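All letters in the sequence shown, in the order written, are residues -44 to -1, 1 to 410 by mature numbering (1 follows the signal peptide of the UniProt record, and there is no 0). We put the CB at the ideal spot given by N, CA and C, even for glycine. All of these numbers come straight from a predicted model, not from anything done at the bench.
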Amino acid sequence: MTIFNLTARLWKTRLARLIAAPLALCAVLLTQPFAGWVTSPAHAEDRYLDVRRGEFKPVSIAVTPFAGDPAAAAQATSIITNNFKRSVFLAPLDSKTFVEPIANPDQTPNMDAWRALNAQFVVTGRSGRSPDGRLQTEFRLWDVSTGQQVAGQQYVTDPNNSRRVAHIVSDAIFSRITGEGGFFDTRVVFVDETGPPEHRRKRLAIMDQDGANVRYLTRGDDLVVTPRFSPSSQDVTYMSFGPTDPKVLLLNIETGQREVVGNFPGMTFAPRFSPDGQKIVMSLAQGSASNLFTMDVRSRTTTRLTDSSAIDTSPSYSPDGSQIVFESDRGGSQQIYVMSANGGAPKRISFGEGRYSTPVWSPKGDLIAFTKQKANTFAIGVMRPDGSGERILTEGFHNEGPTWAPNGLYLMFFRDPGGSSGAKIYMIDVFGRAEFPVPTPSFASDPTWSPLLN
C-alpha cells in the first residue's frame, strides 16, 4: 500500500468515526525562594538520578499532605502525587504508610521515620489564600540521606491558576532530582471525536497533559486532522477539510485568532513548524506524487524541498533546524529518510521489517519516534537519527501519531482498536517501561504536545 493510499484510508476511517473563549494563561508571580533552593535544574554532577542511562531504579518520594486551606491543600497534594505516579522515574509512596504527621511543613521532618519507609525524598508544603485573596503555595524538598532541604519555592497567583501551580511544583521537584527539564506544566491539543462510528463529529480540543481542563477550539463543522504545536509559542497549525480544498490553518491558543496559512490546489497535509516557529514544512500532493515544501509564516513564500514521483510526507525538523526527517515510498515501501532542511539528497535510515511512518524528531535531538506497521500490528518506536538503536516501545492495533514531551523523555500517541470503539490517547516513557491512558471526555486522536508553559 502506498503512503498516499494509506493516508487516504486513515482519513476515510476517521471520517467514519468553539469557538471557545481564549485560553489566556494567568501569570504566576514568584516570590523569594526558600533557603536551600536551587534556582535551575541540576547539572549532571548534581542530579540524583541519571534518567538517560535506561537502567535505573525509580526514586522513592513521599509527598506529605499539604497544610493550609483544606481544599487547596488537598488538590495540590493530589496533583503532585499523581504527576509523580505517571513520571516513571519518581515513585511516590502510599500515604497510608506514612508514620510521621507533618504538623509544620517548615520544620525538618524526622528523617529516621522516613528512612524506615525507604523514602529517599520527602516533600512538605502548604497552599491557601493570602490576605489579598490570591493563592499562595509553597513547598520544600528534603533529601532523607543528608537530612537537608535541597529545594523550595513559593508561588502567588490567581486562585483559578491552582492546577498550574501544582504542575510547576511537580516540575521543580522532578528537575531537581533528575537534572532534566520538566513536562507537567504543559498542554496537549488533540482531535475530540464524538457520535456514532459512521458519523463522527471531530473537534479540535486542548487539555492539560494529565487530561484536565478540556476546552474546545473548533465547532466540528469541518474535519480537522494533524494538529501540531509550535516549539516556540502557543500556536498550532492543523489541516481543515471543508466543502472546498483542504486548508492549512494557524491558530493562536491564547487569543483564539485563526488564519489560513495556505490554500493550495490538490491535497496538502502533515504541516509542522520549524524550531523557531517561522516556517511550516508540509506535503503537497501533485498528481500521483507528493513533495515537501516549506512556507515562511510571515511572507507566505514557499520553497520546494523534494522533486520526485514518490510520496514524500510527514516531515519533521531536527531541534537545531538543520535537517528534516520524513517518510517516503521512493524505495518501494514506506520508509524513513533524513535530508538537509534546504533539500538535497535524502538518506534512508529505516531498514527493519515492515513499513515506517509519522517520524518526529525528539526535542533533545537524540531520537526519532515513528509508527511501524507489520501485517496488522502497529508499533510506536524510536531510533537514533542515523537509524541505529531501533527500539519498539509498544505495539498492537492500531497505534499511530507519536508526539514528544518537551523534555524528550515521554511520548503520547493514539490507539484505535476499530469496530464500534474509537481512538484513545496514551502516554509512554522513552524506555517503554510504563504506559498510561490519558483521560479524555470521549474518543480522541492526533495528540500534539505543547512546549513547557512556565
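field: Contact set for Ala400: own chain, Cβ-Cβ below 7 Å, skip 5 residues either direction
entry: The residue labelled residue 400 in the question sits at position 444 within the sequence shown. Contacts found: Phe146, Val147, Asp148, Glu149, Phe370, Ala379, Lys380, Ile381.
task: Assign Ser255 to one of two classes, buried (16 or more other C-beta atoms within 10 Å of its C-beta) or exposed (fewer than that).
output: Reading the sequence shown from its first residue, position 299 is the one you call residue 255. A residue is called buried once 16 or more other Cβ atoms fall within 10 Å of its Cβ, and Ser255, having fewer, is exposed.
message: Tell me the DSSP secondary structure of Pro61 in three-state form.
response: Taking the first residue of the sequence shown as position 1, residue 61 is located at position 105. In the three-state reduction of the DSSP assignment, Pro61 falls in the coil class, being assigned neither a helical nor a strand state.
query: What are the boundary residues of the alpha helix (DSSP H) that includes Phe130?
result: The residue given as residue 130 occupies position 174 in the sequence shown. Start and end: 118 to 134.
message: My output table needs one value for Ala75: the three-state DSSP class, helix, strand or coil.
response: Here residue 75 corresponds to residue number 119 of the sequence shown, with the count starting at 1. Ala75: coil per DSSP, three-state reduction.
- prompt: Who are the Cβ neighbours of Lys41 in its own chain at under 7 Å, not counting the five residues just before and after it?
  reply: As a working note, residue 41 is residue 85 in the sequence shown. Excluding sequence neighbours, Lys41 sits near Pro48.
query: Do three or more CB pairs link the segment 3 to 20 to the segment 49 to 56 at distances below 8 Å?
result: yes
- prompt: In this structure, does DSSP put Ser51 in helix, strand or coil?
  reply: Indexing the sequence shown from 1 puts residue 51 at position 95. Note: Ser51 maps to helix in three-state DSSP.
message: Only counting the same chain, and skipping five residues up and downstream in sequence, which positions put a Cβ closer than 6 Å to that of Thr61?
response: Position 105 of the sequence shown holds residue 61. Note that residue 61 corresponds to Pro in the displayed sequence, not to Thr. Shown here for Pro61: same chain residues with a beta carbon closer than 6 Å to its own, the five before and five after excluded, namely Ala23, Thr80, Gly81, Arg82 in chain order.
task: Quick one: residues in its chain with C-beta nearer than 6 Å to the C-beta of Met67, no 5 flanking neighbours on either side, listed in chain order?
output: Counting from one through the sequence shown, the residue named residue 67 turns up at place 111. So the qualifying residues of the chain are Val100, Gly103.
field: Proximity winner among Gly343, Glu210, Tyr194, relative to Phe307 (alpha-carbon distances)
entry: Your numbering for residue 307 matches position 351 in the sequence shown. Of the candidates Gly343, Glu210, Tyr194, Gly343 places its Cα closest to the Cα of Phe307.
message: Determine whether the beta carbon atoms of Pro271 and Phe282 lie at a separation below 8 Å.
response: Stepping through the sequence shown from its first residue, residue 271 is reached at position 315. Stepping through the sequence shown from its first residue, residue 282 is reached at position 326. A contact, by the Cβ cut-off of 8 Å.
query: Which residue or residues does DSSP assign as beta-bridge partners of Met383?
result: The residue given as residue 383 occupies position 427 in the sequence shown. Paired residue(s): Met368, Phe392.
Alpha-carbon spacing of Ser186 relative to Thr142, whole angstroms: On the sequence shown, residue 186 is found 230 positions in, with the first residue counted as 1. On the sequence shown, residue 142 is found 186 positions in, with the first residue counted as 1. Pairing Ser186 with Thr142, the inter-Cα distance amounts to about 13 Å.
query: Identify the residues that DSSP records as bridge partners of Val7: which are they?
result: For the purposes of this step, residue 7 is taken as the residue at position 51 of the sequence shown. Its beta-bridge partners do not exist; DSSP assigns none.
- request: For the segment 215 to 293, list the beta strand (DSSP E) runs that are entirely contained and at least 3 residues long, ordered along the chain.
  value: 224 to 229, 235 to 242, 245 to 252, 258 to 260, 268 to 273, 279 to 284
- prompt: Mind checking whether the beta-carbon of Pro395 lies closer than 7 Å to any heavy atom of the ligand NAP?
  reply: Here there are no bound small molecules, and the ligand NAP is not part of this structure.
Short Cβ contact (8 Å threshold) for Gly277 with Arg304: Here residue 277 corresponds to residue number 321 of the sequence shown, with the count starting at 1. Here residue 304 corresponds to residue number 348 of the sequence shown, with the count starting at 1. No, these two residues do not count as a Cβ contact at 8 Å.
- request: Following the continuous alpha helix (DSSP H) through Pro26, name the residue where it begins and the one where it ends.
  value: Reading the sequence shown from its first residue, position 70 is the one you call residue 26. Taken as a continuous stretch (DSSP letters only), the alpha helix (DSSP H) holding Pro26 covers 26 to 41.
- prompt: Could you give the distance in angstroms between the alpha-carbon of Ser406 and the alpha-carbon of Ser43?
  reply: Against the sequence shown, residue 406 aligns to sequence position 450. Against the sequence shown, residue 43 aligns to sequence position 87. If you draw a straight line from the Cα of Ser406 to the Cα of Ser43, it comes to about 17 Å.
- prompt: Below 8 Å, can you find three or more Cβ-Cβ pairs linking the segment 392 to 399 to the segment 353 to 366?
  reply: The segment 392 to 399, when compared against the segment 353 to 366, does not touch it at the 8 Å Cβ threshold.
field: Residue range of the unbroken beta strand (DSSP E) whose run includes Phe45
entry: For the purposes of this step, residue 45 is taken as residue 89 along the sequence shown, with counting starting at 1. Here Phe45 belongs to no beta strand (DSSP E), and DSSP marks it neither H nor E.
field: Backbone secondary structure at Pro183 - three-state DSSP
entry: Here residue 183 is taken as the residue at index 227 of the sequence shown, counted from 1. Strand at Pro183.
- request: Taking 8 Å as the cut-off, decide whether the C-beta atoms of Ile267 and Ser296 are in contact.
  value: Counting from 1 along the sequence shown, the entry for residue 267 is found at position 311. Counting from 1 along the sequence shown, the entry for residue 296 is found at position 340. No, these two residues do not count as a Cβ contact at 8 Å.
field: Spatial distance of Gly135 from Ser265 (CA atoms)
entry: The count along the sequence shown starts at 1 and reaches residue 135 at position 179. The count along the sequence shown starts at 1 and reaches residue 265 at position 309. Computed Cα separation, rounded: 46 Å.
message: Using 8 Å for Cβ pairs, my map puts Arg184 next to Arg159. What's the rounded Cβ distance?
response: Here residue 184 refers to the residue found at position 228 of the sequence shown. Here residue 159 refers to the residue found at position 203 of the sequence shown. Their Cβ separation, rounded to whole angstroms, is 17 Å, which puts Arg184 and Arg159 out of contact at 8 Å.
message: Going by beta-carbon coordinates alone, are Asp402 and Val181 separated by less than 8 Å?
response: In the sequence shown, residue 402 corresponds to position 446, counting from 1. In the sequence shown, residue 181 corresponds to position 225, counting from 1. Their beta carbons are under 8 Å apart, which means Asp402 touches Val181 by this criterion.
query: If we count the other Cβ atoms within 10 Å of its Cβ and call it buried at 16 or more, is Arg389 buried or exposed?
result: Position 433 of the sequence shown holds residue 389. Exposed, because fewer than 16 other Cβ atoms sit within 10 Å of the Cβ of Arg389.
message: Using C-beta distances below 6 Å, list every residue in its chain close to Thr250, excluding the 5 sequence neighbours before and after it, in chain order.
response: Here residue 250 refers to the residue found at position 294 of the sequence shown. The residues are Lys235, Val237, Thr259.
- prompt: Excluding five sequence neighbours on each side, which residues of the same chain lie with their C-beta closer than 6 Å to the C-beta of Gln329?
  reply: Translated into positions along the sequence shown, residue 329 becomes position 373. Excluding sequence neighbours, Gln329 sits near Gly310, Arg311.
task: Kindly indicate which residue of Ile348, His354, Pro315 has the alpha-carbon position closest to the one of Asn332.
output: What you label residue 332 is simply residue 376 of the sequence shown in a count that begins at 1. Out of Ile348, His354, Pro315, His354 has the C-alpha closest to the C-alpha of Asn332.
- prompt: Cβ atoms of Thr93 and Val125: under 8 Å apart, would you say?
  reply: The residue you call residue 125 lines up with position 169 of the sequence shown. The residue you call residue 93 lines up with position 137 of the sequence shown. Against a cut-off of 8 Å, the Cβ pair of Thr93 and Val125 comes out as a contact.
task: Identify, in the order they occur along the chain, each residue of the same chain with its Cβ nearer than 7 Å to the Cβ of Thr33, setting aside the five sequence neighbours on each side.
output: Counting from 1 along the sequence shown, the entry for residue 33 is found at position 77. The answer, listed in chain order, is Val19, Pro21, Phe22.
Cβ-Cβ separation, Leu367 to Ile384 (assumed contact under 8 Å), whole Å: Within the sequence shown, the letter at position 428 stands for residue 384. Within the sequence shown, the letter at position 411 stands for residue 367. Between Ile384 and Leu367 the beta-carbon gap is near 6 Å, inside 8 Å, which marks them as a contact.
- prompt: Taking the continuous beta strand (DSSP E) assigned at Lys158, which residues delimit it?
  reply: Mapped onto the sequence shown, residue 158 falls at position 202. Start and end: 157 to 164.
- prompt: Expressed to the nearest angstrom, what Euclidean distance is found between the alpha-carbon atoms of Gln31 and Arg119?
  reply: Here residue 31 refers to the residue found at position 75 of the sequence shown. Here residue 119 refers to the residue found at position 163 of the sequence shown. The straight-line gap from Cα to Cα measures roughly 8 Å.
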